[in-house]
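**Student:**
In the working numbering, the protein residues as written are 1231 to 1811.
1) What did DSSP end up calling residue 1524 once you bin it into helix, strand or coil?
2) Can you tell me whether residue 1741 is helix, strand or coil according to DSSP?
3) With DSSP as the reference, please indicate the residues paired to residue 1614 in a beta bridge.
4) Determine, using beta-carbon pairs with one atom in the stretch 1464 to 1473 and one in the stretch 1320 to 1329, whether at least three such pairs fall under 8 Å.
5) From which residue to which residue does the alpha helix (DSSP H) around residue 1269 run?
6) Would you kindly work out how many angstroms separate the C-alpha atoms of residue 1755 and residue 1245, rounded to a whole number?
7) Straight-line CA distance for residue 1722 to residue 1811?
8) Do you know how far the Cα of residue 1779 is from the Cα of residue 1798?
9) By DSSP, does residue 1183 sit in helix, in strand, or in coil?
10) Since residue 1688 is in the beta strand (DSSP E), which residue starts that stretch and which ends it?
11) Measure the C-alpha to C-alpha separation of residue 1525 and residue 1308 and round it to an integer number of angstroms.
12) Examine the Cβ distances between the stretch 1490 to 1507 and the stretch 1415 to 1426 and report whether three or more of them are shorter than 8 Å.
13) Relative to the C-alpha of residue 1578, which residue among 1366, 1360 and 1758 is closest?
14) Buried or exposed: residue 1444, going by 16 or more other Cβ atoms within 10 Å of its Cβ?
15) What does DSSP give as the partner residues of residue 1803 in its beta bridges?
16) Within its chain, find whatever has a CB closer than 6 Å to the CB of residue 1725; leave out the 5 residues flanking it on each side and keep chain order.
17) Using the Cα positions of residue 1760 and residue 1796, report the straight-line distance between them to the nearest angstrom.
18) Taking the CB atoms as reference points, tell me whether residue 1419 and residue 1249 lie closer together than 9 Å.
19) Pull up the CB-CB distance for residue 1343 and residue 1369, whole angstroms please, since I reckon it's below 8 Å.
20) Less than 7 Å between C-beta atoms, sequence neighbours within five positions excluded: which residues of the same chain meet that for residue 1664?
21) Buried or exposed: which applies to residue 1574, given that a residue is buried once 16 or more other Cβ atoms fall within 10 Å of its Cβ?
22) Under 9 Å between the Cβ atoms of residue 1557 and residue 1270?
23) Starting from residue 1602 and walking both ways along the alpha helix (DSSP H), at which residues does that stretch end?
24) What does a CB cutoff of less than 6 Å around residue 1565 pick up in its chain, not counting 5 residues either side in sequence?
25) Between the stretch 1510 to 1519 and the stretch 1385 to 1401, do three or more beta carbon pairs fall short of 8 Å?
26) Evaluate residue 1480 with the Cβ neighbour count: other Cβ atoms within 10 Å of its Cβ, from every protein chain shown; 16 or more gives buried, anything less gives exposed.
27) When DSSP labels each residue in this structure, what does residue 1636 get in the three-state scheme?
28) Rounded to a whole number of angstroms, what is the C-alpha to C-alpha distance between residue 1456 and residue 1411?
29) Looking at the structure shown, is residue 1721 part of a helix, part of a strand, or coil, going by DSSP?
30) Among residues of its own chain, excluding the 5 on either side of residue 1237, which ones have a beta-carbon nearer than 7 Å to its beta-carbon?
31) Give me the residue from 1806, 1320 and 1717 with the minimum Cα distance to residue 1287.
32) Note down the Cα distance separating residue 1241 from residue 1297, rounded to an integer number of angstroms.
33) Using a Cβ-Cβ cutoff of less than 7 Å, which residues in the same chain neighbour residue 1350 once the five nearest sequence positions on both sides are dropped?
34) Taking C-alpha atoms, which residue in 1560, 1359 and 1340 lies nearest to residue 1265?
35) So is residue 1280 buried or exposed if we call it buried at 16+ other beta carbons inside 10 Å?
36) Going straight from the alpha carbon of residue 1519 to that of residue 1597, what length do you get?
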C-alpha cells in the first residue's frame, strides 16, 4: 500500500514497528556502546523509551493527537543521551505538526527538519558521528519522493550509509571497530518503520544488525562519575535558561521538553547538588542516577564471575565498594512530595539540610523497575548474582527482590538480618570471598557464618526520630525524653530492632557498648556515624584498645538510616569470632 498521506493510525503502527525493531537488538547495542562512555546501557535505555511508547502511546485517527501521545510517552520513557535526543526529536515533530488531522509528505519532511534542529539545540555540545548525524543524514532526501514509502526507504538507505561512516568520525569508535550505538539504534527504528510500510506488519523479523562487531576495548576516562537524569513538571525556566544555569554542574547536558514537562540529562560527580538545585526550577517527579564506574566494571572482562549486590542501607565507604566492585540497589527517600534516590540524589548532608524545611519524610524499598533493570544488566555480564539485603524484618526489600530471584536461578538472595555498618561487614566478607576466587557455594556458606557472628550497637542522642518514623512507640519516646534516656539500639539474631541497653548519658551509653564488646573476641569492626566523626573516632580508639584491632572503615550512615537515628548518632558494627546472642 502506498501512503501519500499519513493519518494518526498509520503513524502509530509505523512507529510501533520501529520501536519493536530497535528493542530486538538491545543487547547488541549495549555491547557496542563506547561513546560518550562505555557504560554498556545504550541499548537498554533506548529500548526502555521504545517500550514506554508501546505501553503508553494511544492511537487516534487524528495525526496530531497520535504524535503528541507518542512524544509524551517518549519524554516519560527517555533515558541516556540517545534516548533523550530521540525524545526531543519526537517533541519537535509533535510541535511542528500540532493541530493537523492528517499530514502530507512535504509537511512531514518539513517537520523532520524542525525536529532535527530541536535535537541539536537540546545538547550543549553536539558531537558528529553520533545519533545526531544519522538524524540529519537520513533527512537529506534530495530526490523527488511520491509517497511516505519511498521517503522512508530512501531515508533508511542514507542512514545505513551514514551509520557505517560513524566508525571513522570518532576515534573511540574506530579503535573499537564499531559504529555508534545510538546511531544504530535509530537506524533500526527506521528499518522497522520501513518494514511496516512495505508489509503492513508491525512485527519485524530478527534481522542482523547493520554492522556486526565485537568490542575489543572498553577504555574509559570518567570526568564525571554519575549519569544523572530528572523529569520536571511545572518548570519555571526555559530549556535554554536551564542549559545556562546547569552547564557548570557537569558535562553531556541535554534539556528536552517544554514548561509542562522537561527531561534533563547530565554527567556529574555531585548528583545530590544537581537535584538540590533543580528544586528551584520545578517539581521533580522522576530521578535516575547511574554509577558509570560500576557499569564499566561490570562490562569489563576482568571482573569476577559472581556479582555482589546490596541495597543502600549497607554502610561502606565508596572506596571499599569500588575496590570490591559492590553494586547497589538504591532505596527511595520521600521528602515532602519528592522521591529521592538514597545515597545518589540525596546524601546524609543534603538530607539534614532539608530537614528544617520538610513537613514529612519517609522511606521505601527499591522500586521494581530499578530492581529489574539493575539485575537484568548484571545477568548479561556475570554468571551469578548474590544479593544481600537489609534485614527483612526492617524493610520490604528482601520480598521485593524475591519474586525475580524465584524466576532466575542465577540470582541468589540472602537476608543479612543486619543493617547499616553490620550489613556492610556482611557484604564486604562476601565481596572478599568472591575476589579470592571462592566458589558460589563457598561464598554462600561464608555468608551464613558471618551473619550469625555480626552485630551492631548504635548510640543515639534522642529517640525522637525513631518515634517520628514509627520505629519506637510514642509512649517509649516520651518516657525516654522525660528520663533523658540515651539507649543503645541493636538488632536481635533475626534482624528485629531492639533497645539493647539503657543509659542516662552519652558517656554511660558508650561504656555499655564497650561492655557488650568485651563479651566475645572480636574479628573485625567498623564505625558509622550521623555527622559525628569526632565522636565516632574517639569510640573507635577505645575499641581498638580493647580488641587490638583498628576499624576497617569509618563512614557516614545512609540518609535513610540517618532519618531514624538522628544527627549525632554513632554506631559500631562488629563481627565476632564466635556466634553471639
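Note that CB positions come from ideal geometry on N, CA and C, so glycine has one too.
**Tutor:** Well, looking at it:
1) helix
2) helix
3) 1536
4) no
5) No alpha helix (DSSP H) holds residue 1269; DSSP gives it neither H nor E.
6) 57 Å
7) 7 Å
8) 24 Å
9) What the structure shows of the chain is the stretch from 1231 to 1811, and residue 1183 is not part of that stretch, so it cannot be assessed.
10) 1684 to 1689
11) 19 Å
12) no
13) 1758
14) With a pLDDT of only 39 at residue 1444, under the threshold of 50, the placement of this residue in the model should not be trusted; the figure read from the coordinates follows. It is exposed - the Cβ of residue 1444 has fewer than 16 other Cβ atoms within 10 Å.
15) 1686 and 1756
16) 1621, 1623 and 1647
17) 7 Å
18) yes
19) 6 Å
20) 1534, 1536, 1538 and 1673
21) buried
22) no
23) 1598 to 1609
24) 1584, 1588 and 1591
25) no
26) buried
27) helix
28) 20 Å
29) strand
30) 1291, 1293 and 1332
31) 1320
32) 8 Å
33) 1356 and 1362
34) 1359
35) buried
36) 14 Å
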